[in-house]
Amino acid sequence: LLKLKRYAEAVADLEPLLESDNEDLANSARRMIGLANLEMGREREAIEDYTALVQSSTDPRERVDNMIVLSELYYSLENFAKVEEICRQIIAMDFPDVKTELPYFLKEKAYFLLGDTFNQRNDFNSLIAIYREAVAQYPNSYYSADMNFALGQVLFEKEDLVATVDVFTTYL
């Protein structure tokens, strides 16, 4: 039903599976319900779904994957305090941060979202600090060019021309 874009029907069919004793089945149902809620524009319901997934996850990588989605949902609702809270938790977590099917590292994505959150709040000093930390750890990664560009722009606006040149030299 999800592939047919019949999201409301899919949610109705999946909800009984949430009560399953099979944890994998219940979590898969929760994830699909979350995706359906996203497709229907029901971000608040999707937040509830992904919060439950984060809380029930025993695998650190899966937990962080769900935390990334959760932070993106809060970002779409402009709840930047929650985005910051979740991204800082991800960055502080101890787990093997390796690329899998995604083009980015999970902590790298958390850094990117956190810096963009600081940009939305006009907290440019925090953006500078977090993006410098991020590009030091992920110098040639998926988001490194975006982070370097944003960093260069902010440094230019702060009239730190030497640092701007350094960052844009790295960017180019």
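Under the working numbering, the first residue of the sequence shown is numbered 54, with each subsequent residue one higher.
Glycine included, every Cβ here is placed at the ideal spot set by N, Cα and C.
Minimum C-alpha distance to residue i - residue among the options
i	options	result
Asp102	Arg84, Glu92, Glu212	Arg84
Ile181	Gln206, Ala198, Ala163	Gln206
Phe158	Phe177, Thr170, Ser194, Ala189	Ser194
Val188	Met120, Leu78, Leu204, Arg141	Leu204
Close beta carbons around residue i, own chain, < 7 Å, minus the five adjacent residues each side
i	result
Ala99	Gly87, Asn90, Leu91, Leu126
Lys135	Tyr127
CB-CB length for residue i against residue j, believed under 8 Å
i	j	result
Arg174	Phe133	6 Å
Glu161	Tyr184	Contact doesn't hold; Cβ gap of about 11 Å is too wide.
Val117	Phe165	Incorrect: roughly 14 Å between the Cβ atoms, too far for contact.
Continuous alpha helix (DSSP H) stretch holding residue i: start and end
i	result
Met200	197–210
Ser124	113–129
Gly94	Element bounds for Gly94: n/a, residue is neither H nor E.
Thr170	159–173
Ser179	177–190
Asp147	Segment: none, Asp147 is in no alpha helix (DSSP H) and carries neither H nor E.
Same chain only: Cβ atoms within 6 Å of residue i, ignoring 5 sequence neighbours per side
i	result
Glu186	none
Nonlocal neighbours in the same chain, by C-beta distance under 8 Å from residue i, ignoring five residues either side
i	result
Pro69	none
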